[in-house]
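*Asks:*
Okay, here's the thing in structure tokens:
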């Protein structure tokens, strides 16, 4: 009957998630992203792929997965952002995001997230200054089982960032600051490191670095059940020079 046919049609999903392979189906990572539909997985073989890359706002709920987190490398260079995420619910898994620039500036980021619920699982994020940025109060990033490397304010932003069971490495010999929150007033939390290891990247000297400084007046930064290496100075935190942000921020 017509009723049965309509009921059966309602049970059929409107679309099926697909796996889009690089480079066997798509020659570039960006081409696979551009072709993806919501829910798709982009599977990337081992190799080094030159960016920069962008996930447009219409590409929500996609997963970008590498064959291995040391063998699949997405990279960019000076004055480029390796990966910009404008869509919600994007997941990165089992790969390296890298910016190869060896200096320090604020225009060579590894990952900028402009949307909610970006997840980073079993990845390496390799940069220097400003490695990972949650841009805008509505942005949020969840990082687990990963390693983040940088030099100056390299986990920062306005949104919520939760990093757990991961390693954070200061790689500059004379050190600097790790976190730089600019949390919106009234937001329940800013940047949180939980059950993480804070360590040197091999050249940063003992006591040369700080856990963070408040980029914004209401910046919130917390380290919970973390192992803090000797690279961090005993004072822990410092103020953002030229501001009174330390009087209104919340650090723990």
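Numbering (our numbering), first residue to last: 2 to 253.
For glycine and all other residues, C-beta sits at the position ideal for the given N, C-alpha and C.
This structure is a prediction, so every number in the text was calculated from the model and none was measured.
(1) May I ask which residues mark the beginning and end of the alpha helix (DSSP H) holding residue 34?
(2) Under 8 Å, do residue 249 and residue 214 count as touching if we go by C-beta distance?
(3) Kindly indicate which three-state DSSP category residue 9 falls into: helix, strand or coil?
(4) Let me know the secondary structure DSSP gives residue 100 once reduced to three states.
(5) Looking at the secondary structure, which residues open and close the beta strand (DSSP E) in which residue 235 lies?
(6) Quick check for students: name the residue ranges of the alpha helix (DSSP H) that lie wholly in the region 184-238, counting only runs of 4 or more.
(7) On a Cα-Cα basis, can you pick out the residue from 97, 61, 231 that is closest to residue 69?
(8) Are the CB atoms of residue 77 and residue 52 within a distance shorter than 8 Å?
(9) Can you find the residues in the same chain that come closer than 8 Å, C-beta to C-beta, to residue 197, ignoring five residues on each side of it along the sequence?
(10) Quick one: what does DSSP say residue 141 is sitting in, helix, strand or coil?
(11) Please report the distance separating the alpha-carbon of residue 87 from that of residue 154.
(12) Would you mind reading off the limits of the beta strand (DSSP E) that contains residue 44?
(13) So for residue 247, helix, strand or coil by DSSP?
(14) Using a Cβ-Cβ cutoff of less than 6 Å, which residues in the same chain neighbour residue 20 once the five nearest sequence positions on both sides are dropped?
(15) So, under 8 Å CB-CB, residue 79 and residue 109 are touching, yes? Tell me the CB distance rounded to an integer number of Å.
(16) Roughly how many angstroms lie between the CA atoms of residue 74 and residue 184, to the nearest whole one?
(17) Per DSSP, residue 17 is paired with what?
*Replies:* If we stick to the structure as given:
(1) Residue numbering aside, residue 34 sits at position 33 when the chain shown is read from its first letter. In the DSSP annotation of this structure, the continuous segment of the alpha helix (DSSP H) that includes residue 34 starts and ends at 30-36.
(2) Your numbering for residue 249 matches position 248 in the chain shown. Your numbering for residue 214 matches position 213 in the chain shown. With respect to the 8 Å criterion, residue 249 and residue 214 are not classified as neighbours on the basis of their beta carbons.
(3) Stepping through the chain shown from its first residue, residue 9 is reached at position 8. In this predicted model, residue 9 has a pLDDT of only 42, less than 50, meaning its place in the structure is not dependable; the value taken from the coordinates is given anyway. Under the three-state reduction of DSSP output, residue 9 falls in the helix class.
(4) For the purposes of this step, residue 100 is identified with residue 99 of the chain shown, where counting begins at 1. In the three-state reduction of the DSSP assignment, residue 100 falls in the strand class, which pools E and B.
(5) Counting from 1 along the chain shown, the entry for residue 235 is found at position 234. That residue, residue 235, is in no beta strand (DSSP E); it is neither H nor E in DSSP.
(6) Counting whole runs of 4 or more residues, the region 184-238 contains no alpha helix (DSSP H) stretch at all.
(7) The sequence position of residue 69 within the chain shown is 68, counting from 1. Checked all of 97, 61, 231; the closest Cα to residue 69 is 97.
(8) Position 51 of the chain shown, counted from the first residue, corresponds to residue 52. Position 76 of the chain shown, counted from the first residue, corresponds to residue 77. A contact, by the Cβ cut-off of 8 Å.
(9) Taking the first residue of the chain shown as position 1, residue 197 is located at position 196. Closer than 8 Å at Cβ, skipping near neighbours: 164, 165, 166, 167, 168, 169, 224, 227, 228.
(10) Counting from one through the chain shown, the residue named residue 141 turns up at place 140. Residue 141 falls in the strand class under three-state DSSP.
(11) To locate residue 87, count along the chain shown from 1; it is residue 86. To locate residue 154, count along the chain shown from 1; it is residue 153. Going from the Cα of residue 87 to the Cα of residue 154 covers about 22 Å.
(12) On the chain shown, residue 44 is found 43 positions in, with the first residue counted as 1. Per DSSP, residue 44 belongs to the beta strand (DSSP E) from 42-45.
(13) What you label residue 247 is simply residue 246 of the chain shown in a count that begins at 1. Helix at residue 247.
(14) For this step, residue 20 is matched to residue 19 along the chain shown. Counting only Cβ-Cβ distances below 6 Å, and skipping sequence neighbours, we find 42, 44.
(15) For the purposes of this step, residue 79 is taken as residue 78 along the chain shown, with counting starting at 1. For the purposes of this step, residue 109 is taken as residue 108 along the chain shown, with counting starting at 1. Their Cβ separation, rounded to whole angstroms, is 5 Å, which keeps residue 79 and residue 109 in contact under 8 Å.
(16) As a first step, residue 74 is located in the chain shown; it is residue number 73 there, counting from the start. As a first step, residue 184 is located in the chain shown; it is residue number 183 there, counting from the start. Going by the C-alpha atoms only, they are around 31 Å apart.
(17) Locating residue 17 in the chain shown gives position 16, where the first residue counts as 1. Note: residue 17 is not bridge-paired with any residue in the DSSP secondary-structure output.
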